[in-house]
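Asks:
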């Protein structure tokens, strides 16, 4: 198992999971591979906002919250032109927090474990997440709504926002 120092989100990024290890903080699921990264999830999110979207996480979150009224657990669209949109299941510094790409989720089912769900991904993986099915679906739908706003042409987008 190779452990990376850093990671940057991209179109093949599927999920960021807590590592629960002294050797790495984050497990990154991509379409075709799993990576182990020393960098924290929030560090990956912050640096990806700066690199991909040329804005800070705080700025991007504030603008998205104003556009959508999603004030808590705000989904993040990392770029105005690239379709990289993630949402998270818990507070940013909660040890149970998971980040998922809105683009890579196939289905969600309730788990046998109370307040957990099973997330089915397009790459064939299944991940049990400490979040109820209803809550997870709501968070996913908010991210999909944000993606649909992005896909509107800029002049039409401004009409809908103002």
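Numbering (the numbering used here), first residue to last: 27 to 188.
Think of the CB as a built atom: it goes at the ideal place given N, C-alpha and C, for glycine as much as any other residue.
On the premise that residue 154 lies in contact with residue 192, defined as a C-beta separation below 8 Å, what is that separation, rounded to the nearest angstrom?
Replies: Past the boundaries of the shown model lies residue 192; the chain is included only from 27 to 188, so the question cannot be answered.
Asks: Have a look at residue 171 and residue 151 and give me their C-alpha separation to the nearest angstrom.
Replies: Residue numbering aside, residue 171 sits at position 145 when the chain shown is read from its first letter. Residue numbering aside, residue 151 sits at position 125 when the chain shown is read from its first letter. Straight-line Cα distance between these residues: approximately 24 Å.
Asks: For the region 41-124, which segments carrying the alpha helix (DSSP H) assignment without a break, of at least 4 residues, lie completely within its bounds, in sequence order?
Replies: Counting only runs of 4 or more, we get 67-74 and 83-94.
Asks: Just to check my reading of the structure: residue 30 and residue 71 have Cβ atoms closer than 8 Å, yes? What is that Cβ distance to the nearest angstrom?
Replies: Within the chain shown, the letter at position 4 stands for residue 30. Within the chain shown, the letter at position 45 stands for residue 71. Not really, about 16 Å apart at Cβ, beyond 8 Å.
Asks: If we call anything under 9 Å between Cβ atoms a contact, is residue 110 one with residue 137?
Replies: Working through the chain shown from its first residue, we reach residue 110 at position 84. Working through the chain shown from its first residue, we reach residue 137 at position 111. Pairing residue 110 with residue 137 gives a Cβ-Cβ distance that is not under 9 Å.
Asks: Indicate whether residue 52 and residue 74 have their beta-carbon atoms separated by less than 9 Å.
Replies: The sequence position of residue 52 within the chain shown is 26, counting from 1. The sequence position of residue 74 within the chain shown is 48, counting from 1. Not a contact, by the Cβ cut-off of 9 Å.
Asks: Counting only the same chain and skipping the five closest in sequence on each side, list residues whose C-beta sits under 8 Å from that of residue 174.
Replies: The sequence position of residue 174 within the chain shown is 148, counting from 1. Answer for residue 174: no residue qualifies.
Asks: Hey, quick one: how far does the beta strand (DSSP E) through residue 135 stretch, first residue to last?
Replies: Here residue 135 refers to the residue found at position 109 of the chain shown. Note, residue 135: beta strand (DSSP E), 131-136.
Asks: Just how far apart, CA to CA, sit residue 97 and residue 87?
Replies: Here residue 97 is taken as the residue at index 71 of the chain shown, counted from 1. Here residue 87 is taken as the residue at index 61 of the chain shown, counted from 1. For residue 97 and residue 87, the distance between alpha carbons rounds to 9 Å.
Asks: Between the Cα of residue 160 and the Cα atoms of 112, 92, 140 and 85, which residue gives the shortest distance?
Replies: Counting from 1 along the chain shown, the entry for residue 160 is found at position 134. If we check each option's Cα against that of residue 160, 140 comes out closest.
Asks: In the DSSP assignment, find the unbroken alpha helix (DSSP H) run with residue 170 in it and report its ends.
Replies: Counting from 1 along the chain shown, the entry for residue 170 is found at position 144. Its alpha helix (DSSP H) spans residues 159-176.
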